[in-house]
Ligand SMILES: NC(=O)c1ccc[n+]([C@@H]2O[C@H](COP(=O)([O-])OP(=O)(O)OC[C@H]3O[C@@H](n4cnc5c(N)ncnc54)[C@H](O)[C@@H]3O)[C@@H](O)[C@H]2O)c1
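What follows is the structure, encoded as structure tokens:
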């Protein structure tokens with residue numbers, strides 16, 4: 013077994029802490045000056061499907077208190093406020109339609125952002141500038157340029173960030189990344205990331221309803237926000253907004269922050285020549301995709317295949333709708349292969365799995381990855397300790413990068429060369445223009 017030498021994230025942090033003369037000083041307002049107790053105070057922005065799940069998770073944590081909710085749909089807003097007040101048995105939770113008002117509250121320490129993808133970057137950057145720590149959903153951003161701006165804002169303001177890529181908090185995904193990072197497969201030569209294809213009707217609307225009026229109590233102008241104004245259509249509203257490029261990125265971008273995040277995690281061993289986990293990424297990207305008509309209500313790719321070259325000559329495929337590319341993340345090396353998906357951990361050599369589980373439990377692995385106490389709890393722990401979380405903003409950004417580039421390559425129909433250090437497409441102005449989208453006034457980043 014090849015067991016390369018490397019350093020873990022926590023050991024790097026320990027080294028950094030040890031080499032820093034100044035003591036760690038927590039900001040005075042960390043626990044919210046006006047908070048009812050010394051708990052981390054949280055405001056939730058966007059409380060639909062996943063926002064409701066995250067809210068429930070934060071309500072279940074003893075060291076935080078949800079004090080504010082923001083949503084542009086009154087019915088979601090009121091339901092969430094009632095849930096919070098019912099949980100704490102009081103009437104303290106305040107509701108907002110405009111996230112700026114929530115962010116202006118000095119007593120709020122952290123926010124949980126679960127708006128649709130086109131609405132991540134603006135509130136996240138505003139939250140970072142307002143000094144809040146941030147739990148934000150995947151995929152990090154609607155365009156690659158927005159992702160760069162988010163990383164910069166979070167770093168500039170020294171905020172703690174957790175992405176909703178919760179698979180890193182699950183044992184089977186950690187074991188998979190440990191098997192790969194500890195060199196059981198040898199130096200990785202090929203990676204396959206299998207994501208869903210087609211569209212999923214999450215709201216039972218189908219995709220062929222006519223335009224109409226937005227439901228009462230919905231501020232549709234704010235819901236569409238920085239995206240191009242389109243008439244209200246129930247098929248591209250709550251949950252199903254994913255299937256229109258104006259607001260989402262289809263199955264590719266809906267899942268890239270899960271399985272590609274895990275695939276990158278496995279490669280985050282500098283000995284593979286891919287760099288540390290916040291720098292893993294492609295050098296070349298080509299892609300093909302099948303799209304419905306641009307004018308269809310659901311117009312995102314139904315089938316796609318992205319072929320990348322990663323450092324160290326790794327062949328890297330991300331695909332949806334190709335039977336031979338199975339769901340989840342699969343790594344292949346000279347010693348065999350390993351695949352992990354929700355509910356599956358399989359390898360060409362089953363002994364690797366048994367051994368890693370034993371060594372992981374004993375804490376004796378050469379590359380021992382952090383055993384998360386739970387994705388939301390780990391975020392709160394980091395808010396207190398100021399240690400990097402398992403899914404910080406820069407990692408989320410790198411995890412989604414080949415998805416954005418793959419989409420662009422499929423549009424321009426040629427191979428892109430990616431300068432991963434400058435984060436620029438080399439020598440292709442047409443493709444470069446697609447790294448960002450014009451935001452609808454008055455919204456901008
Ligand atoms: N981590 C996961 O497993 C997971 C699962 C599902 C969704 N998600 C992510 O969560 C995010 C939300 O997805 P969803 O399925 O919950 O969508 P959703 O449509 O169910 O909910 C979005 C909510 O945001 C609100 N909203 C829209 N614009 C707003 C604004 N400007 N200010 C405040 N509220 C606003 C909507 O009214 C709605 O209540 C997406 O980024 C999605 O990719 C992650």
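Numbering (our numbering), first residue to last: 13 to 457. We put the CB at the ideal spot given by N, CA and C, even for glycine.
Applying the criterion that 16 or more other CB atoms from any shown protein chain within 10 Å of the CB defines a buried residue, is residue i buried or exposed?
i           : result
residue 254 : buried
residue 212 : exposed
residue 442 : exposed
residue 439 : exposed
residue 290 : buried
residue 453 : exposed
residue 345 : buried
residue 360 : exposed
residue 311 : buried
residue 325 : exposed
residue 55  : buried
residue 380 : buried
residue 412 : buried
residue 284 : buried
residue 426 : exposed
residue 391 : buried
residue 36  : Because the pLDDT of residue 36 is 31, which lies under 50, any placement of that residue in the model is unreliable, and the number read from its coordinates should be weighed accordingly. Exposed, by the Cβ-count rule.
residue 87  : exposed
residue 446 : buried
residue 243 : exposed
residue 168 : exposed
residue 399 : buried
residue 317 : buried
residue 241 : exposed
residue 58  : buried
residue 299 : buried
residue 225 : exposed
residue 354 : exposed
residue 363 : exposed
residue 339 : buried
residue 456 : exposed
residue 45  : Low confidence applies to residue 45: its pLDDT is 37, below 50, so where it sits in the model is not reliable, and the reading given next is rough at best. Exposed, by the Cβ-count rule.
residue 31  : The pLDDT assigned to residue 31 is 29, lower than 50, so where the model puts this residue is not dependable, and the model offers no usable value.
In whole angstroms, what is the alpha-carbon distance linking residue i and residue j?
i           : j           : result
residue 34  : residue 138 : Unreliable positioning characterises residue 34 in this predicted model, as indicated by a pLDDT of 29, which lies under 50. The coordinate reading is nonetheless provided below. Between residue 34 and residue 138, the C-alpha separation is close to 29 Å.
residue 13  : residue 178 : In this predicted model, residue 13 has a pLDDT of only 30, less than 50, meaning its place in the structure is not dependable; the value taken from the coordinates is given anyway. Between residue 13 and residue 178, the C-alpha separation is close to 30 Å.
residue 273 : residue 239 : 26 Å
residue 187 : residue 384 : 12 Å
residue 377 : residue 194 : 8 Å
residue 75  : residue 62  : 21 Å
residue 417 : residue 53  : 37 Å
residue 93  : residue 70  : 14 Å
residue 97  : residue 152 : 30 Å
residue 191 : residue 206 : 19 Å
residue 333 : residue 265 : 14 Å
residue 352 : residue 160 : 29 Å
residue 80  : residue 366 : 45 Å
residue 249 : residue 184 : 34 Å
residue 215 : residue 282 : 43 Å
residue 329 : residue 141 : 37 Å
residue 122 : residue 200 : 39 Å
residue 389 : residue 402 : 11 Å
residue 286 : residue 104 : 49 Å
residue 50  : residue 396 : 11 Å
residue 120 : residue 196 : 45 Å
residue 382 : residue 227 : 45 Å
residue 336 : residue 321 : 19 Å
residue 67  : residue 135 : 17 Å
residue 175 : residue 313 : 24 Å
residue 279 : residue 293 : 10 Å
residue 386 : residue 451 : 36 Å
For residue i, which residues does DSSP report across the bridge?
i           : result
residue 341 : 205 and 352
residue 299 : 318
residue 147 : 124 and 174
residue 429 : 296
residue 328 : 203 and 320
residue 78  : 54
residue 85  : 230
residue 359 : 350
residue 108 : 82
Given 8 Å as the limit, is there contact between the stretch 425 to 444 and the stretch 301 to 308, that is, 3 or more CB pairs closer than that? no
Is it a yes or a no for the stretch 208 to 224 touching the stretch 352 to 372, going by three-plus beta-carbon pairs under 8 Å? no
Is the stretch 243 to 262 close to the stretch 100 to 110, with three or more CB pairs under 8 Å? no
Given 8 Å, three or more beta-carbon pairs between the stretch 230 to 239 and the stretch 275 to 288: no
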